[in-house]
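A quick write-up on the structure given underneath.
Here's what the structure looks like:
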């Protein structure tokens with residue numbers, strides 16, 4: 004491999020012996036991942052400069068080489084600056100919750116020793132990872148401000164600055180300032196490219212991809228394609244798995260649920276014995292729930308509960324409540340929602356409150372209180388509209404349209420030609436304007452249900468036939484099956500209607 008800034012950024016701070024070893028290893032290696040494995044082998048089999056060991060521990064952490072991380076810790080347990088890099092991070096909530104306090108304590112102990120500012124800088128950035136992405140925004144800013152002060156005092160430390168932008172992008176997004184977040188991430192990406200630091204470039208681009216998924220899903224596709232190529236060049240399995248996880252959100256937002264689900268299953272195949280991120284279970288459950296498959300949804304969210312133990316988060320509780328509703332376990336769902344509500348309020352996140360309103364509304368829908376359902380899901384939509392997250396908007400609109408259709412059934416007028424109501428029309432426009440092909444097909448299913456309920460069988464049939472022409476993507480296989488089944492049912496009903504007419 005060619006020398007890369009991810010490693011050479013350390014050169015102004017380290018001894019010549021360490022530089023020589025690093026240069027030799029980069030020359031021998033085929034990729035960054037291969038380099039990291041070779042570097043770790045050197046420090047495990049030999050007693051070299053402590054700078055070399057520190058850099059090896061950092062790269063092992065980035066590559067999530069858990070066994071190697073443990074071996075380095077065992078050999079160098081008396082080196083305070085090595086200890087903070089022993090905490091494995093592979094999840095959205097679980098690992099942060101489990102390790103945050105220990106990470107902070109180990110960083111504070113390391114900084115109490117005589118340690119160079121470049122190491123202190125990187126340790127503060129490590130601290131930020133254990134607030135990403137679900138910690139309080141204020142807490143996330145604290146280690147970043149410490150890094151900024153260090154850089155201001157020593158401009159050589161600017162090589163670490165681009166990672167600050169990645170975390171600030173997360174914070175600004177959660178504060179609702181998407182435009183500023185994207186600007187910050189662009190600066191971070193440009194600075195990472197200036198230093199040829201591919202890991203920091205990856206971090207900034209990953210956050211950009213997530214934001215663009217929520218704002219304009221098709222713009223996110225090119226970001227994730229570039230990220231995937233970058234991860235393949237680095238040969239980092241962890242990055243590939245993370246990209247598959249986050250790109251599944253692109254498919255889910257577009258309504259291409261089968262591709263979202265297959266991406267999440269691919270992660271589990273890749274990881275083998277490594278525990279998947281808790282988001283893996285959450286996203287699998289959520290996709291199945293959106294498709295109306297409560298049994299599959301409950302199966303996967305229960306796996307998440309088993310895997311996470313005491314570190315089950317607020318979102319996992321909310322998605323389990325939804326799965327329970329879909330399989331008609333309403334009493335259990337109510338208990339879960341009661342447990343989740345104070346956690347939602349404690350989080351201070353309006354998005355969580357919107358999800359709570361939505362699932363509470365679905366519960367009322369299942370119980371038959373359509374007006375209560377509509378009122379709650381309208382609250383969810385208002386929040387989703389203020390805080391763009393494509394999947395939240397889709398789910399709220401789908402269930403608002405369902406509620407509206409069920410309400411229309413209460414006032415059937417045989418002589419009246421029915422047309423889509425406010426929410427079904429809004430769902431159709433939302434999907435069409437954003438090019439969400441799977442959601443367009445889902446809207447067609449609901450529209451055909453409306454027509455069928457009011458006896459407009461040919462309108463229902465034509466709606467579904469048109470929907471089959473929207474896309475033949477592998478992401479809509481399940482939706483196409485649902486449409487085909489409904490068409491067969493309508494064909495029979497039309498024949499019966501004409502024979503009796």
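Numbering (this note's numbering), first residue to last: 4 to 504. Ideal Cβ positions, reconstructed from N, Cα and C, are used throughout, including at glycine.
Item to check | Reduced DSSP secondary structure (H/G/I, E/B, other) of residue 67 | outcome: Coil.
Checklist entry - Which residue from 382, 32, 143, 71 puts its Cα closest to that of residue 357? => result Minimum Cα distance to residue 357 is reached at 382.
Checklist entry - Going by Cα to Cα distance, which pick from 304, 164, 153, 104 is closest to residue 196? => result Nearest of 304, 164, 153, 104 to residue 196, Cα basis: 164.
Checklist entry - DSSP on residue 315, reduced to helix/strand/coil? => result In the three-state reduction of the DSSP assignment, residue 315 falls in the coil class, being assigned neither a helical nor a strand state.
Next on the checklist: If I measure Cβ to Cβ from residue 215 and keep anything under 7 angstroms in the same chain, skipping five residues before and after, which residues do I get?
Outcome noted: Cβ neighbours of residue 215 beyond the five flanking positions: 222, 223, 226.
Checklist entry - Do the CB positions of residue 449 and residue 427 come within less than 8 angstroms of each other? => result Inclusion of residue 449 and residue 427 in the CB contact set at 8 angstroms is warranted, their separation being smaller than that value.
Checklist entry - Which class does residue 87 belong to by DSSP, given the choice of helix, strand or coil? => result DSSP places residue 87 in helix when its eight states are reduced to three.
Checklist entry - By DSSP, does residue 181 sit in helix, in strand, or in coil? => result Assigned with DSSP and collapsed to three states, residue 181 falls in helix.
Next on the checklist: Using CA atoms only, rank isn't needed, just tell me which of 305, 315, 348, 292 is closest to residue 325.
Outcome noted: Of the listed residues, the one whose Cα sits closest to residue 325 is 292.
Item to check | residue 120 versus residue 147 - alpha carbon distance | outcome: C-alpha separation (whole angstroms): 14 angstroms.
Next on the checklist: Suppose contacts are defined by Cβ-Cβ distances below 8 angstroms. Is residue 523 in contact with residue 166 by that definition?
Outcome noted: Look at the range of the chain in this structure, 4 to 504, and you will see that residue 523 is not part of it.
Item to check | Euclidean distance between Cα positions of residue 126 and residue 59 | outcome: A direct Cα-to-Cα measurement between residue 126 and residue 59 gives close to 14 angstroms.
Checklist entry - Just the Cα atoms here: how many angstroms apart are residue 371 and residue 180? => result Between residue 371 and residue 180, the C-alpha separation is close to 38 angstroms.
Item to check | Spatial neighbours of residue 496 in its chain, beta-carbon cut-off 7 angstroms, leaving aside the 5 residues before and after | outcome: Result list for residue 496: 460, in chain order.
Next on the checklist: Please list the terminal residues of the continuous alpha helix (DSSP H) segment that includes residue 470.
Outcome noted: Unbroken alpha helix (DSSP H) run through residue 470: 460 to 470.
Next on the checklist: Output needed for residue 311: all residues of its chain with C-beta closer than 6 angstroms, excluding positions within five of it in sequence on either side, in chain order.
Outcome noted: Within the same chain, and ignoring the five residues on either side of residue 311 in sequence, the residues whose Cβ sits closer than 6 angstroms to its Cβ are 97, 281.
Checklist entry - Whole-angstrom Cβ separation of residue 129 and residue 87, contact assumed at under 8 angstroms? => result So it is a contact: roughly 6 angstroms between Cβ atoms.
Checklist entry - Expressed to the nearest angstrom, what Euclidean distance is found between the alpha-carbon atoms of residue 236 and residue 199? => result Roughly 14 angstroms separates the two Cα atoms.
Next on the checklist: Along the chain, where does the alpha helix (DSSP H) containing residue 456 start, and where does it finish?
Outcome noted: Its alpha helix (DSSP H) spans residues 440 to 456.
Checklist entry - Over what stretch of residues does the alpha helix (DSSP H) that includes residue 119 continue unbroken? => result Residue 119: not part of any alpha helix (DSSP H); DSSP gives it neither H nor E.
Checklist entry - Just the Cα atoms here: how many angstroms apart are residue 251 and residue 240? => result Taking C-alpha positions only, residue 251 is separated from residue 240 by approximately 17 angstroms.
Checklist entry - Which of the three DSSP states, helix, strand or coil, is assigned to residue 268? => result In this structure, residue 268 counts as helix in the three-state DSSP scheme.
Checklist entry - Do you know offhand how far residue 229's Cα is from residue 220's? => result Using only the alpha carbons, I get a separation of about 15 angstroms.
Checklist entry - Sorted by chain position, which residues of the same chain lie with C-beta nearer than 8 angstroms to residue 389's C-beta, five sequence neighbours on each side aside? => result So the list reads 179, 353, once near-sequence residues are dropped.
Next on the checklist: If the criterion is Cβ atoms closer than 8 angstroms, does the pair residue 451 and residue 463 meet it?
Outcome noted: Going by C-beta atoms, residue 451 is nearer than 8 angstroms to residue 463.
Item to check | DSSP three-state assignment for residue 130, whether helix, strand or coil | outcome: Note: residue 130 maps to helix in three-state DSSP.
Item to check | Cutoff 7 angstroms; reference residue 489; Cβ partners in own chain excluding five residues on either side | outcome: Contacts found: 448, 451, 467.
Checklist entry - Is residue 109 helix, strand or coil by DSSP? => result Residue 109: helix per DSSP, three-state reduction.
Checklist entry - Around the C-beta of residue 134, are 16 or more other C-beta atoms found within 10 angstroms, so that it is buried, or is it exposed? => result Buried, because 16 or more other Cβ atoms sit within 10 Å of the Cβ of residue 134.
Checklist entry - If you draw a straight line from the C-alpha of residue 378 to the C-alpha of residue 475, how long is it? => result C-alpha separation (whole angstroms): 36 angstroms.
Checklist entry - Does the Cβ-Cβ distance between residue 47 and residue 38 come in under 8 angstroms? => result No; because the gap between Cβ atoms is not below 8 angstroms, this pair is not in contact.
Checklist entry - Considering only residues of the same chain and omitting the five flanking positions on each side of residue 175, which have a CB-CB separation below 7 angstroms? => result Only 183, 184, 187 meet the Cβ criterion.
Next on the checklist: In this structure, how does DSSP classify residue 327 when only helix, strand and coil are distinguished?
Outcome noted: Three-state DSSP puts residue 327 in a helix.
Item to check | Same chain, Cβ closer than 6 angstroms to residue 10, neighbours up to 5 away in sequence not counted | outcome: Only 25 meet the Cβ criterion.
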